[in-house]
Amino acid sequence: GVERSSIALMEDLEHVRITQLAVSKAELSESGMGDSNQFQFTMNDSGMLVSLEGTAYGHVASQLEAIYVPDGRKSPFLDHHKKAALGLRSIINAPLLICGRKFL
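Residue numbers (the numbering used here): 1414 to 1517.
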């Protein structure tokens, strides 16, 4: 299952701002706050502002199509290599659209 996720929202026409999400099933069940089928989500505004140029974010924003990379170490995008160095191998980038259009 998915344990970590990032959401990149358009900051302006050339940058995205990254928000990180983590999912924890174990923490919730160990705390006695629910059954083991429930999840706890934590959000962290990383404060990272990333240029669209040369990144998977930029490709997705310009093409409005998803990218799936089974191993970030083999991706043509530098931002995927950075995620792979943190231990994240399988990466999906997908556009968030409103009424079929990208938004700022």
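C-beta atoms are modelled at their ideal positions from N, C-alpha and C, and glycine is treated no differently. None of these values were measured; they are calculated from a predicted model.
So Ser1488 is in the beta strand (DSSP E); what residue range does that whole segment cover?
Element bounds for Ser1488: n/a, residue is neither H nor E.
Are the CB atoms of Ile1431 and Val1463 within a distance shorter than 8 angstroms?
Their beta carbons are under 8 angstroms apart, which means Val1463 touches Ile1431 by this criterion.
For Arg1486 versus Ala1479, is the C-beta spacing smaller than 8 angstroms?
No, the pair does not count as a contact, with Cβ atoms beyond the cut-off.
Are the C-beta atoms of Phe1490 and some chain E residue less than 8 angstroms apart?
This model lacks chain E altogether, as it is built from one protein chain only.
Could you check where the alpha helix (DSSP H) with Ser1475 kicks off and where it finishes?
Unbroken alpha helix (DSSP H) run through Ser1475: Ala1469 to Gln1476.
Hey, would you say His1494 sits closer than 8 angstroms to Ser1488, going by beta carbons?
Cβ atoms of His1494 and Ser1488: closer than 8 angstroms.
Pull up the CB-CB distance for Met1456 and Leu1434, whole angstroms please, since I reckon it's below 8 angstroms.
Yes, Met1456 and Leu1434 are in contact; Cβ-Cβ is about 6 angstroms, under 8 angstroms.
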